[in-house]
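To keep things clear, I will list the structure first and then write my remarks on it.
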Amino acid sequence: MFFSGLPEEMISRILSQAIRYSLHSARIYNPWAQEDFIKPRRVTDVVLVCKSWNRIGMPFLCEHLSMSTPEHTANVAKVLRAKPKLGRHVKHMRLRGGFSPDLLDIVRLLPPRLEHLWISVGPDDGAAFLLEVLPMLNPRTLHLNDPLQPFADMHRRGATMKEAIRLIMHLIATGKWALLVQEQYMCIQRITSYYHKTLTAALAACPTLQQVKYDYRTLDHTALSKIILNPNLKRMICVIGWEKRRGYDCLERLLLPWVKDDAVLRTRAFQIFGFCSSFEREDWFEFCRDMSQCRENLARNDPPVSEAMLKERTRELAASYGLL
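Using UniProt numbering, the first residue of the sequence shown is number 1, and each one after it goes up by one.
This is the structure we're talking about:
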């Protein structure tokens with residue numbers, strides 16, 4: 001075989017590049033990257049080439065686990081029961097279903113902490129097992145994300161799933177997840193209505209939270225002004241998806257409340273991050289950086305800057321990047 005003469009360290013390096021999934025590269029084009037995360041490249045065949053490749057490659061393959069159905073969860077549990085040492089290589093986990101006794105067995109084999117935990121609260125089936133699993137996890141980065149808006153449609157959920165969501169909020173607010181969040185960020189997308197106030201209160205009270213990253217549709221200015229007062233918070237990032245057809249007035253409504261808010265200005269923790277498909281991505285990034293710089297410059301002005309000046313500066317920036 002071609003690789004037979006290569007040192008094992010080099011084979012490990014090659015297989016890691018072939019198998020490992022880069023969250024960072026995925027977020028270049030989609031800051032949330034949830035779909036990319038649950039659909040990694042098909043690389044399972046690599047570990048079936050020979051016994052040595054299986055031994056070297058399986059730890060890389062186990063770094064990302066995504067639980068979706070009871071059948072899939074059972075298969076993952078079977079692999080980890082056969083080789084318990086593989087569990088310590090798990091770094092990223094997504095829970096979007098498949099809540100069963102097998103999930104408990106998987107979590108018991110995981111390392112003391114996870115780098116990323118995705119929670120997409122779905123059907124009520126098996127939610128009782130989710131209640132047992134959540135306190136056993138200790139993520140550095142938590143992603144609450146579901147395009148079906150389960151947090152908004154709580155009246156459609158069973159009592160057990162509602163209890164699970166309340167438990168998530170409790171773990172955030174009380175610091176039971178003691179490693180959340182250190183030099184990482186918390187992704188929240190499309191969580192509206194029913195649990196909006198609860199989520200805001202949980203983030204504002206979380207004793208370990210250092211960084212929050214959220215979709216601009218998720219938290220309004222009222223929620224922002226409360227969360228940003230968390231004394232431990234070092235950075236808050238708003239992600240804006242933009243299309244030129246939406247018009248400048250929409251952009252102005254999104255940006256001005258954040259730029260002019262005194263509490264936000266004092267903390268200097270708020271930043272804007274954007275992604276857009278209707279013009280050059282680099283221009284949009286630069287526009288958002290300029291908006292953040294504009295906010296910092298205005299924060300140093302005395303007396304306070306007028307509303308008219310804020311609007312004028314925002315419009316100038318928007319025009320310079322072709323947004324008007």
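The C-beta atom is built at its ideal place from N, Cα and C for all residues, glycine as well. No experiment lies behind these values; they were computed from the predicted model shown.
Asked                                                                                                   : Found
Buried versus exposed call for A127 [16 or more other C-beta atoms within 10 Å across all chains shown] : buried
Endpoints, alpha helix (DSSP H) assigned at R108                                                        : P101 to R108
Same chain only: Cβ atoms within 7 Å of P111, ignoring 5 sequence neighbours per side                   : R88 and V90
DSSP state of K213 mapped onto helix, strand, coil                                                      : strand
Residue interval of the alpha helix (DSSP H) (run including E71)                                        : P70 to A82
Extent of the continuous beta strand (DSSP E) run through I119                                          : L114 to I119
Residue of T160, L130 and L171 minimising C-alpha distance to P139                                      : L171
Proximity winner among L104, P101 and M93, relative to L144 (alpha-carbon distances)                    : M93
Three-state class that DSSP yields for T208 in the structure shown                                      : coil
Cβ-Cβ separation, L103 to V133 (assumed contact under 8 Å), whole Å                                     : 6 Å
Separation of W53 from E8, as counted between CA atoms                                                  : 10 Å
Distance between beta carbons of T222 and G175, contact taken as under 8 Å                              : Incorrect: roughly 24 Å between the Cβ atoms, too far for contact.
Contact set for I227: own chain, Cβ-Cβ below 8 Å, skip 5 residues either direction                      : T200, L203, A204, V212, L219, L233 and M236
Under the three-state DSSP convention, the category L61 falls into                                      : helix
Enclosing alpha helix (DSSP H) for L131 [first to last residue]                                         : A127 to V133
Three-way DSSP call (helix, strand, coil) for E9 in this model                                          : helix
CB-CB length for P84 against L65, believed under 8 Å                                                    : So it is not a contact: roughly 14 Å between Cβ atoms.
Rounded separation between P70 and S100 - CA only                                                       : 6 Å
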